[in-house]
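Working notes, structure below.
Quick look at the structure:
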């Protein structure tokens with residue numbers, strides 16, 4: 184596994200992520216804009232509300248107004264409240280619609296990108312972590328678009344409206360509000376910037392924590408087998424505890440910004456009240472104006488306080504965005520686009536191909552191999568020789584760093600990958616069985632294939648018999664990694680997939696275990712049936728399979744060291760003869 | 024179990040952190056009351072000052088001014104302390120829940136979990152456990168705070184005006200309880216669906232990532248993407264339903280707060296005109312009524328989460344409550360007299376299977392004997408090691424070290440066994456960590472020695488990071504054969520008197536397999552060894568006896 188990338192610490196990187204978040208509003212732009220405008224309108228309604236209230240209350244406190252005068256001022260207030268309720272709801276619904284659209288858009292971008300990046304990228308990561316990015320990472324964006332974005336609009340409008348209404352009537356209160364307000368975001372920003380970086384690290388740690396847990400659960404049986412459950416539980420506890428400690432260190436800092444916010448808002452309200460009080464004592468102010476200002480003071484700070492909560496929503500969204508952007512900006516390997524007409528029977532040539540996963544660990548060191556159209560070639564060699572890597576190169580999942588793969592006379596690198604894969608059926612050693620029934624798994628490539636065709640394919644793959652013996656036959660669900668099926672059974676399902684696909688090229692990595700002699704024989708027969716008329720490369724572990732091939736290539740240490748017809752090779756080659764002897768030792 | 028019973032049970036799980044939780048709620052109550060006090064005293068202060076100013080008399084303003092300062096400090100400091108304490112409690116709960124659930128799952132593996140998908144499991148563990156943390160921060164703590172604050176504020180109101188107190192109580196109950204409860208009832212179904220659908224979405228994503236290669240080859244990628252999109256849309260539809268209801272509840276809260284301000288002003292004015300209330304108290308009560316809604320403000324969100332919390336807790340408890348197939352076993356294990364294994368008329372049928380996996384198996388392996396067990400797939404070979412490991416229970420008798428297998432604690436049995444399972448499971452960790460799993464105290468020399476036996480030493484030496492080379496998820500960075508040999512090295516390290524090797528040559532070419540098996544068997548000299556294989560030729564020369572199995576029975580016994 185590659186070490187995690189260094190945290191994006193620079194302010195420029197953070198700005199870039201912030202820009203990315205803003206750009207993503209495009210997925211729900213109209214709705215989000217509407218939400219901002221409606222929200223600001225609803226927020227501004229507190230001004231007339233306070234005005235009516237102050238004029239209703241003031242005469243009752245300091246004057247001798249009749250009850251009827253009071254009622255005249257207080258009566259319109261419920262109507263104002265209802266209007267505000269309706270506007271707020273409309274704003275929130277618009278924000279929700281916009282947010283869901285953004286999440287949908289980002290998730291789709293992510294999933295498509297991951298498929299474009301291909302198995303080579305996914306295998307280098309942990310699929311648990313990537314799934315967490317797609318599901319939880321996208322979910323973590325919600326508060327940003329649902330709250331932060333519309334609230335920012337309200338923040339820009341509502342306090343200004345309030346200040347503009349208070350200032351002409353009570354300039355001292357207006358000045359107090361206007362002076363304390365800008366201090367708050369400044370302080371929050373100062374404290375927030377430091378914690379933001381730490382927060383991003385926390386998010387990464389949480390993803391690792393989840394990855395570790397997935398791993399532990401998937402290997403629960405192995406852990407138990409080695410009596411390691413208690414140790415593993417201790418490790419999990421320690422990891423969670425470390426996470427708590429470091430997260431709390433971050434939060435204690437992050438909460439300082441809310442402390443500053445609370446402090447200035449509270450001081451602002453207290454100051455407004457005290458200054459109003461003294462001017463009332465000196466009769467420098469009328470009571471209704473004083474009450475009006477005091478009623479509006481908490482409303483003035485409310486959007487700021489709300490932003491205090493939203494600010495953490497933004498930090499979380501930024502941290503999630505870092506993971507999302509990492510995937511979205513991973514370079515997709517260049518692919519060809521050509522879709523030339525390929526012959527009925529396709530030949531494959533490997534021309535001096537070299538490949539290494541890391542620079543210092545070459546796996547293929549100049550492989551040259553020709554698969555004649557319609558023939559079967561067995562690839563043999565010790566484990567670790569590079570056989571499986573060669574297979575993934577022929578699939579186009581990885582690019583050779585040197586040399587070239589030619590299929591039907593065309594450079595594989597120039598072909599549209601989907602077009603090439605349509606010509607190929609693959610029978611991997613560990614076929615992946617998807618959550619679903621046996622039937623779904625066989626018709627992976629042809630979901631509408633009629634049951635007769637599926638059964639015919641399964642019969643050809645020597646799988647029909649064991650499938651009908653399963654508790655629910657073809658409708659039996661298969662578990663992750665096909666654990667309820669043996670290795671041989673899983674491979675026969677993969678063979679059935681291949682029969683159903685009926686592609687001109689077949690690549691197979693023969694299963695080595697879980698096969699008794701009978702199912703081994705049946706897989707051999709199935710493979711022979713499948714090979715008829717197709718170009719086949721099979722990584723062979725069994726003599727029987729090798730004998731079925733037209734040609735044999737012996738691979739060792741990243742090179743093809745010998746090649747020829749099985750019989751002639753057996754007579755002439757020492758290496759091949761040694762492999763044969765090893766396979767033949769003991770009567771079969 | 025009813026929702027309330029579930030919530031009570033969640034609370035019981037949290038018992039060890041009761042102190043933290045109560046402290047958090049107390050601080051939160053203090054903060055809200057300070058807020059109410061600040062606004063009330065500010066209202067009283069300006070009214071008193073205005074009346075004094077108009078009357079042209081002096082008034083003692085020191086006391087109310089000091090009150091304003093006190094409440095301002097309480098509110099600021101209280102908010103900070105409350106947030107720190109409630110979050111501390113939450114993370115402690117999170118850690119405890121994870122470990123608690125892991126501990127509950129261990130006895131269930133693998134028998135009870137055979138049908139659970141790994142991704143679904145982890146979706147439960149991490150997402151559901153994270154949902155449960157809302158139970159305190161967003162459910163229990165706000166509910167407690169709202170209750171305490173409402174009681175205090177309404178009682179103080181009642182001292183001044185019964186009618187204003189009743190109106191305030193009614194509005195607080197509507198905004199804090201009635202509407203959120205109605206919303207919660209309405210959003211229970213979508214809430215549960217959200218948890219379930221996002222778990223499905225996660226499984227779909229993991230599936231399409233891990234099976235990416237097969238999907239591409241079979242042209243099924245676009246279909247999988249669209250299927251995931253459909254799940255995403257389904258999730259969004261449920262979220263729209265649940266979140267809209269939540270937004271209505273939040274809007275109602277603002278509406279009720281405004282109405283409380285208005286009705287309190289109205290009622291206070293009426294009371295003042297009747298002489299039942301001082302005029303100076305009108306703004307005090309009105310502003311306090313408005314501020315009191317801070318106590319119930321988190322409740323709509325809290326109730327909205329309650330549906331998700333209950334659904335998540337229900338799923339977690341359903342999994343955790345599955346009875347283990349193996350009873351706890353006795354407190355202490357007998358000391359085995361030797362390393363023999365004897366099975367008499369042993370029967371086993373897996374859940375949901377139509378046939379016995381073992382149908383009266385008789386097998387005797389003397390201490391130090393090496394026996395090959397051969398037979399076609401499905402003959403029941405692998406079930407033998409599962410029974411010895413006490414992963415499944417059985418009928419009949421098994422004796423190990425001349426004591427009944429059931430007389431041992433399962434953990435002690437496993438300490439006697441070195442088992443290579445049919446499938447290789449590697450941790451997504453380094454080579455070293457994977458080896459140390461089998462023998463946590465092993466020295467560097469012991470590790471290298473085990474790698475020697477399995478002929479991996481040269482490979483490891485060639486890695487720039489040596490033993491600290493990561494193996495990748497499920498060991499993908501190793502070839503199948505290398506992964507298998509690493510698994511065998513673990514068994515060597517285990518140094519157990521009884522060794523079971525299930526298909527030791529899986530993934531190895533004939534040449535490597537032959538050399539490795541020879542080295543391994545000579546290394547295991549003196550131990551009791553059971554080799555389960557479909558290919559007798561590989562081990563014929565290396566064992567003392569061969570047992571053939573068919574349909575869950577031993578049908579042939581060939582002594583050397």
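Chains as they are written, first to last, in our numbering: chain A, 184 to 771; chain B, 24 to 583.
All residues carry an ideal CB built from backbone N, CA and C; glycine is no exception.
Taking a cut-off of 8 Å for Cβ pairs, the stretch 343 to 363 of chain B and the stretch 166 to 173 of chain B do not touch, as fewer than three such pairs fall below it. Residue 394 of chain B has a beta carbon lying at 8 Å or more from every beta carbon in chain A.
Residue range 164 to 183 is occupied by the alpha helix (DSSP H) that includes residue 164 of chain B, with no beta strand (DSSP E) assigned at that position. With 16 or more other Cβ atoms from the protein chains shown falling within 10 Å of its own Cβ, residue 499 of chain A counts as buried. Contact annotation: the stretch 212 to 228 of chain A touches the stretch 322 to 340 of chain A, with at least three C-beta pairs closer than 8 Å.
Residue 281 of chain B has a beta carbon lying within less than 8 Å of a beta carbon in chain A. When the Cα atoms are used, residue 272 of chain B and residue 321 of chain A turn out to be separated by approximately 25 Å.
Using a Cβ-Cβ distance cut-off of 8 Å, the stretch 294 to 310 of chain B and the stretch 55 to 66 of chain B are in contact, since at least three pairs of beta carbons, one from each stretch, lie closer than that value.
The CB of residue 483 of chain A never comes closer than 7 Å to any CB in chain B; the least such distance is about 14 Å. The DSSP assignment places complete alpha helix (DSSP H) segments of no fewer than 4 residues inside the stretch 628 to 680 of chain A at 634 to 643, 647 to 652, in order along the chain. For residue 513 of chain B, the closest C-alpha among the options B/475, B/549, B/407, B/366 is that of B/475.
Remark: C-beta atoms of residue 591 of chain A and residue 690 of chain A do not approach each other more closely than 8 Å. As the crow flies, the alpha-carbon of residue 521 of chain A is around 18 Å from that of residue 528 of chain A.
At a cut-off of 8 Å between beta-carbon atoms, residue 272 of chain A makes contact with chain B. Residue 60 of chain B and residue 100 of chain B have their C-alpha atoms spaced approximately 15 Å apart. Sequence-distant Cβ neighbours of residue 546 of chain B in its own chain, meaning closer than 7 Å and more than five residues away, are 476, 515.
For residue 134 of chain B, the CB contacts under 7 Å within the same chain, skipping 5 residues up- and downstream, are 348, 414, 415 in chain order.
For the stretch 406 to 436 of chain B, the residues whose beta carbon sits under 8 Å from a beta carbon of chain A are, in order, 412, 414, 434. Three or more Cβ pairs closer than 8 Å define a contact, and the stretch 538 to 556 of chain A meets that threshold against the stretch 584 to 603 of chain A. Within the stretch 269 to 294 of chain B, there are no complete beta strand (DSSP E) runs of at least 3 residues. Contact of residue 268 of chain A with chain B by beta-carbon distance below 8 Å involves 274, 275, 277, 278. A distance below 6 Å between beta-carbons, with the five flanking residues on each side excluded, links residue 312 of chain B to the following residues of its chain, in chain order: 191, 283, 284, 287. Per DSSP, the beta bridge partners of residue 589 of chain A are A/532, A/594. Residues of chain B with a Cβ closer than 7 Å to the Cβ of residue 684 of chain A are, in chain order, 241. In this structure residue 407 of chain A is buried. Its beta-carbon is surrounded by 16 or more other beta-carbon atoms within 10 angstroms. Between residue 44 of chain B and residue 464 of chain A a beta carbon distance of about 46 Å is seen, past the 8 Å cut, so the two are scored as non-contacting.
A residue is called buried once 16 or more other Cβ atoms fall within 10 Å of its Cβ, and residue 256 of chain B, having fewer, is exposed. For residue 60 of chain B, the closest Cβ of chain A is not nearer than 8 Å.
Residues of the same chain with a CB within less than 6 Å of the CB of residue 552 of chain A, apart from the 5 flanking positions on each side, are 533, 736, 743 in chain order. Cβ contact annotation for residue 214 of chain A (same chain, cutoff 6 Å, sequence separation greater than five): 277, 280, 281, in chain order. For residue 727 of chain A, no CB of chain B lies under 8 Å from its own CB, so it is not counted at the interface with that chain. Chain B has a Cβ within less than 8 Å of the Cβ of residue 466 of chain A. Assigned with DSSP and collapsed to three states, residue 619 of chain A falls in strand. With respect to residue 334 of chain B, residue 215 of chain B sits close: the two C-beta atoms are nearer than 8 Å.
Across the structure, residue 508 of chain A and residue 202 of chain A are spaced so that their CA atoms are roughly 11 Å apart. Contact annotation: residue 237 of chain A and residue 478 of chain A have beta-carbon atoms nearer than 8 Å.
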